[in-house]
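Have a look at the structure below, then the notes.
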Amino acid sequence: APLFVTAEFINNNTGEIKSQTVFMGDFPMMTEKGTFIINGTERVVVSQLVRSPGVYFDETIDKSTDKTLHSVKVIPSRGAWLEFDVDKRDTVGVGIDRKRRQPVTVLLKALGWTSEQIVERFGFSEIMRSTLEKDNTVGTDEALLDIYRKLRPGEPPTKESAQTLLENLFFKEKRYDLARVGRYKVNKKLGLHVGEPITSSTLTEEDVVATIEYLVRLHEGQTTMTVPGGVEVPVETDDIDHFGNRRLRTVGELIQNQIRVGMSRMERVVRERMTTQDVEAITPQTLINIRPVVAAIKEFFGTSQLSQFMDQNNPLSGLTHKRRLLALGPGGLSRERAGLEVRDVHPSHYGRMCPIETPEGPNIGLIGSLSVYARVNPFGFIETPYRKVVDGVVSDEIVYLTADEEDRHVVAQANSPIDADGRFVEPRVLVRRKAGEVEYVPSSEVDYMDVSPRQMVSVATAMIPFLEHDDANRALMGANMQRQAVPLVRSEAPLVGTGMELRAAIDAGDVVVAEESGVIEEVSADYITVMHDNG
79 APLFVTAEFI NNNTGEIKSQ TVFMGDFPMM TEKGTFIING TERVVVSQLV RSPGVYFDET
139 IDKSTDKTLH SVKVIPSRGA WLEFDVDKRD TVGVGIDRKR RQPVTVLLKA LGWTSEQIVE
199 RFGFSEIMRS TLEKDNTVGT DEALLDIYRK LRPGEPPTKE SAQTLLENLF FKEKRYDLAR
259 VGRYKVNKKL GLHVGEPITS STLTEEDVVA TIEYLVRLHE GQTTMTVPGG VEVPVETDDI
319 DHFGNRRLRT VGELIQNQIR VGMSRMERVV RERMTTQDVE AITPQTLINI RPVVAAIKEF
379 FGTSQLSQFM DQNNPLSGLT HKRRLLALGP GGLSRERAGL EVRDVHPSHY GRMCPIETPE
439 GPNIGLIGSL SVYARVNPFG FIETPYRKVV DGVVSDEIVY LTADEEDRHV VAQANSPIDA
499 DGRFVEPRVL VRRKAGEVEY VPSSEVDYMD VSPRQMVSVA TAMIPFLEHD DANRALMGAN
559 MQRQAVPLVR SEAPLVGTGM ELRAAIDAGD VVVAEESGVI EEVSADYITV MHDNG
């Protein structure tokens, strides 16, 4: 479908505005089935599992001294990384954009802090005081120049260029973007601006300071910290394989990122042409060259790892292909770098990603399948439904929870016996808590209950009869091989099924479905006429 954009060219000297509609190229449109038709072939754009932008605290044990060291990364959606760490000499360091580390106090001074202010804010900490003593820069200017030398070695440093470099690196929207989701994760982790609407998407000085304080308190073994003007937050390290810290980039976002690339290339062309052309003769049409945008889109659909030729052996293979979750691809992991932890089944996968359906071979655990009832929320985190339990009574209210929210609650199994009023029959109920711990608790302590026993598995796995009597490895092979079955010429209903077949067939989109219930009036090779019940 063609995309048209209204462009305005404003001459700032005379204040005249030329407005014009400009053609921006042909874009592939998604079909009702969720596929794209590219060069006449049906393709699927797979969702990508990536690490969510945000702050991540980590601990490692130093080989030589057996000390526990802590570090933190601030990962943006795009822009330079910011890393802080405590080393074995008990100094706090900062690495900007993967460059050599410097004392963290250099960064604070460069942001305009004085030594007195640093002592006042971080004086509670021995390691911050010792870091300050070892730091030999004096004043903001020296600190700025010091950072500039590290980031741009071999260029003559000036105070102005150093100031702008630091500003642009972290505090300007154009070069640094945490995205809404990153801003949300940072605020949540550090306890800043809780409950306020998300406005900016860059880093702030406040974030940097709070991150350093969190790191220092973590290193000193404290368990909570109270942010000035904020709330009390727990101090703990993060598990990067937890589904609260991994999010899904769906089709829209992937295409959006490609368009951003194309647009920025186009911008360069436009700026160039503005300087060369005669001011009077300029119209938006003459400035804009859409080739880079069209090329970026074409490249994405044609050659990206995430745009795949649709698997069309049978209805199930197409449906499963659209529900696939891929950890590989640009901005994700690579097969070689992925260790065992990333591939492993994690308790937070429950009800979000199927623990069974994944390929055997080099991709095991890097390609997953969305669970039956899971859905993706606006931030890209996967949510799964639970029935709310109030005072030991199971209600019909259904709540979708992300992995982060679920961790705070106690969840009962779907097959826990309940009587007609929705009360648990047994006095003690088998539940699961944070990090996959399982125990018995009184029914009054239960917060939620699973929606269905097949909540944790994917569509293909849910179609295996008597799944619970199968060995997991064989179930994996069965789920994968159902997608390779060749359909019959005349389809038949299965003799043994699980009740998932109807939904799978309808949602795959390969069958003709009446819009409403009614009586079939006429059937021919081209059309089927249905008389609706309401006339």
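The sequence shown lines up with residues 79 to 613 when you count with my numbering. Beta carbons are placed, not taken as given, at the ideal position from N, Cα and C, and that holds for glycine. Owing to the predicted nature of the structure, the values given are computational and were not obtained by experimental measurement.
C-alpha distance - residue i paired with residue j, whole-angstrom precision
| i | j | result |
| --- | --- | --- |
| LYS212 | GLY201 | 15 Å |
| GLN599 | GLU593 | In the sequence as presented, Gln is not what sits at residue 599; that position holds Glu. Going by the C-alpha atoms only, they are around 14 Å apart. |
| LEU332 | TYR226 | 34 Å |
| PHE544 | LEU256 | 46 Å |
| THR381 | ILE116 | 11 Å |
| ILE460 | VAL216 | 48 Å |
| ALA557 | GLU438 | 11 Å |
| GLY232 | LYS252 | 26 Å |
| ALA481 | ASP585 | 26 Å |
| VAL128 | LEU444 | 11 Å |
| LEU508 | ILE476 | 20 Å |
| VAL294 | TRP191 | 18 Å |
| VAL286 | PHE162 | 10 Å |
| VAL468 | GLY132 | 34 Å |
| TYR605 | LYS111 | 20 Å |
| ILE276 | ARG258 | 7 Å |
| GLU137 | VAL150 | 9 Å |
| LYS267 | LEU326 | 20 Å |
| ALA405 | VAL420 | 9 Å |
| MET107 | GLN334 | 14 Å |
| LYS145 | THR289 | 21 Å |
| HIS487 | TYR464 | 11 Å |
| GLU204 | PRO306 | 20 Å |
| ILE434 | THR539 | 7 Å |
Residues that DSSP places opposite residue i in a beta bridge
| i | result |
| --- | --- |
| GLY596 | HIS610 |
| GLY446 | LEU403 |
| HIS148 | GLU137 |
| GLY171 | ASP163 and PRO181 |
| ILE153 | GLY132 |
| LEU326 | LEU127 |
| VAL489 | ARG510 and TYR526 |
| SER536 | SER449 |
Start and end residues, alpha helix (DSSP H) containing residue i
| i | result |
| --- | --- |
| SER193 | 193-200 |
| HIS297 | 283-297 |
| ILE375 | 369-381 |
| ILE460 | Not the alpha helix (DSSP H): ILE460 falls in the beta strand (DSSP E), residues 460-468. |
| SER130 | That residue, SER130, is in no alpha helix (DSSP H); it is neither H nor E in DSSP. |
| LEU189 | Element bounds for LEU189: n/a, residue is neither H nor E. |
| VAL420 | 418-421 |
| MET206 | 204-212 |
| LYS237 | 237-248 |
| ASN558 | 550-560 |
Helix, strand or coil at residue i [DSSP, three-state]
| i | result |
| --- | --- |
| PRO362 | helix |
| GLN334 | helix |
| LEU545 | helix |
| GLY500 | coil |
| LEU270 | coil |
| LYS111 | coil |
| PRO520 | strand |
| GLY575 | coil |
| PRO312 | strand |
| ARG261 | helix |
| VAL454 | strand |
| ASP585 | helix |
| VAL347 | helix |
| VAL591 | coil |
| VAL339 | helix |
Bounding residues of the beta strand (DSSP E) (the contiguous stretch that carries residue i)
| i | result |
| --- | --- |
| MET303 | 302-304 |
| TYR428 | Taken as a continuous stretch (DSSP letters only), TYR428 belongs to no beta strand (DSSP E), as it is neither H nor E. |
| PHE162 | 160-164 |
| VAL507 | 506-510 |
| TYR226 | Element bounds for TYR226: not the beta strand (DSSP E) but the alpha helix (DSSP H), 217-229. |
| GLU475 | 471-480 |
| PHE101 | 95-104 |
| PHE387 | 385-387 |
| GLU515 | From DSSP, GLU515 is part of no beta strand (DSSP E); its letter is neither H nor E. |
| ARG121 | 119-123 |
| MET527 | 526-528 |
Mind the definition here: the segment 541-559 touches the segment 514-521 only if three or more C-beta pairs lie below 8 Å; say whether that holds.
Counting C-beta pairs with one atom in each stretch, the segment 541-559 and the segment 514-521 have fewer than three that are closer than 8 Å, which means they do not touch.
Segment contact, 8 Å Cβ cut-off, at least three pairs: the segment 397-414 with the segment 367-378:
No, the segment 397-414 does not touch the segment 367-378.
With three or more beta-carbon pairs closer than 8 Å as the criterion, would you say the segment 174-188 touches the segment 148-160?
Segment contact: the segment 174-188 against the segment 148-160, three or more CB-CB distances shorter than 8 Å; contact assigned.
Counting Cβ pairs, one atom from each stretch, are 3 or more of them under 8 Å apart for the segment 281-299 and the segment 318-335?
At 8 Å Cβ cutoff, the stretches do not touch.
Three Cβ pairs or more, each shorter than 8 Å: is that satisfied between the segment 354-365 and the segment 97-104?
Yes, since at least three Cβ pairs between the segment 354-365 and the segment 97-104 fall closer than 8 Å, the two stretches touch.
Any chance the segment 521-531 sits against the segment 487-495, with 3 or more Cβ pairs inside 8 Å?
The segment 521-531 makes contact with the segment 487-495; the number of CB pairs closer than 8 Å reaches 3 or more.
So, does the segment 375-389 touch the segment 403-423, judging by three or more C-beta pairs under 8 Å?
These segments touch.
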